[in-house]
Amino acid sequence: MDIGYTAAQLRAAAVDAVRAPSLHNTQPWRLRLRDGGIEVLADPTRRLPATDPSGWGVRIAGGAALFNLRIALAVAGIPAQVRLRPDPAQPDLLARLVPDVPRRPTPAEQSLYAAIPRRFSNRLPFWPDPVPADARWRLGEAAHAEQCWLELLIGVSAVSAFGEIARSAHRVLERDPAYRAERERWLRRESAPDGVPRSAGGPQGEPQDVLPARGYGGHDRAPGRDFEPEPLVGVLGSIGNTAVDQVIAGQALQRLLLTATDAGLSVSMLSQPIEVPSAREQLRLALGRFGTPQMVLRIGYGQPGRPTPRRDVDEVLDLPVVPA
Numbered sequence: 001m002d003i004g005y006t007a008a009q010l011r012a013a014a015v016d017a018v019r020a021p022s023l024h025n026t027q028p029w030r031l032r033l034r035d036g037g038i039e040v041l042a043d044p045t046r047r048l049p050a051t052d053p054s055g056w057g058v059r060i061a062g063g064a065a066l067f068n069l070r071i072a073l074a075v076a077g078i079p080a081q082v083r084l085r086p087d088p089a090q091p092d093l094l095a096r097l098v099p100d101v102p103r104r105p106t107p108a109e110q111s112l113y114a115a116i117p118r119r120f121s122n123r124l125p126f127w128p129d130p131v132p133a134d135a136r137w138r139l140g141e142a143a144h145a146e147q148c149w150l151e152l153l154i155g156v157s158a159v160s161a162f163g164e165i166a167r168s169a170h171r172v173l174e175r176d177p178a179y180r181a182e183r184e185r186w187l188r189r190e191s192a193p194d195g196v197p198r199s200a201g202g203p204q205g206e207p208q209d210v211l212p213a214r215g216y217g218g219h220d221r222a223p224g225r226d227f228e229p230e231p232l233v234g235v236l237g238s239i240g241n242t243a244v245d246q247v248i249a250g251q252a253l254q255r256l257l258l259t260a261t262d263a264g265l266s267v268s269m270l271s272q273p274i275e276v277p278s279a280r281e282q283l284r285l286a287l288g289r290f291g292t293p294q295m296v297l298r299i300g301y302g303q304p305g306r307p308t309p310r311r312d313v314d315e316v317l318d319l320p321v322v323p324a
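In this text, residue positions in the sequence shown follow UniProt numbering: the first is 1, and each later residue adds one.
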């Protein structure tokens, strides 16, 4: 077993870690090398006080970055042992990774790693092609592998019932001026290393849509035209809803997203019914599942796109100072 990770190993893995998703593409994480271990920390300066007052979204994003970090280290032959939230006195410390026994990466790890640079949120309408049963099974197994569950809503009645919950949550959020202003601050009309580019925002929502759109300033649509008549919707959930559970859910989310990418699927996330506590509880009761919904996903086949920009790796790294 190695004594510890090096700065070069962290820097190489961080290139992949920062490709994780986050609310409004805020990228609210930092990666630190300390005593031979790699630490994943929440960046409080990038928290969204109106959209994410509890810090749930930061922990989900941190968990997703942690999963990418795990896969990158495994593929490099230097896998990690992970301890979540190891120090109660440091609530922003989400995880600490130390070297495990070196080994060759598995084919599954290599496939997930190859999907990291190809994963992105696709907010455009998906094609009507159904997602086959084997792909749905793979998505469920991805959630289970990270101690979470995935409930797929199949059929018009199930999706419509969920749509009512999601649209109600969306209306609650939109009534808050601080929420709308915060979203506007992270909408990018010019090139930037963070935030949501207007080109990636998807088309504007319409009243007849089954699912709500976040409203990132995309192009208008023809009046009365359905965005998507019958999308496949998945609800990702965890056993509990502690801070540790949310980091676990972030890891499950990223494994699921990379699995979908590897299967040729497109995904976008709908977190409005998670951001509104009453809507989240209504969703939990409607599903009849033990645990807590942590993210909603729209899944299907779509036209190619490209990932949104990321900050330079050096902006998220905290490395020991080497004496001259």
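Positions of the beta carbon are idealized from the N, C-alpha and C atoms, including for glycine. Just so we're clear, the structure is a prediction, and the values are computed from it rather than from any experiment.
Beta-carbon gap between residue 328 and Leu112 smaller than 8 Å = Summary: the structure shown does not reach residue 328, with the chain confined to residues 1 through 324, and so no result is reported for it.
key: Asn68 vs Gln254 beta-carbon contact at 8 Å   = yes
key: First through last residue of the alpha helix (DSSP H) which encompasses Thr261   = Ala243 to Asp262
ask   = Excluding sequence positions up to five away, which residues of its chain have a Cβ less than 6 Å from the Cβ of Ile239?
value = Gly291
request  = Can you tell me which of the three DSSP states Asp318 falls into?
outcome  = strand
query = Taking Cβ positions, are Glu39 and Arg96 nearer each other than 8 Å?
reply = yes
task = Starting from Leu73, follow the alpha helix (DSSP H) in both directions and report where the run begins and ends.
result = Trp56 to Val75
ask   = How would you call Thr308, buried or exposed, if buried means at least 16 neighbouring beta carbons within 10 angstroms?
value = buried
task = Note down, in chain order, each residue of its chain lying with its Cβ closer than 6 Å to the Cβ of Ala324, except the 5 sequence neighbours on either side.
result = Legend: pLDDT at Ala324 = 49, less than 50; position of this residue unreliable, value from coordinates given subsequently. Same-chain partners within the cutoff: there are none.
query = To the nearest angstrom, how far is it from the Cα of Arg306 to the Cα of Gly237?
reply = 27 Å
key: Proximity to Ala260 [Cα-Cα], best of Arg138, Ala61 and Val276   = Arg138
key: Glu182 versus Pro91: straight-line alpha-carbon distance, rounded   = 24 Å
key: Assigned secondary structure, Gly291 (DSSP; H/G/I helix, E/B strand, else coil)   = coil
request  = Report the three-state DSSP secondary structure of Arg183 (helix, strand or coil).
outcome  = helix
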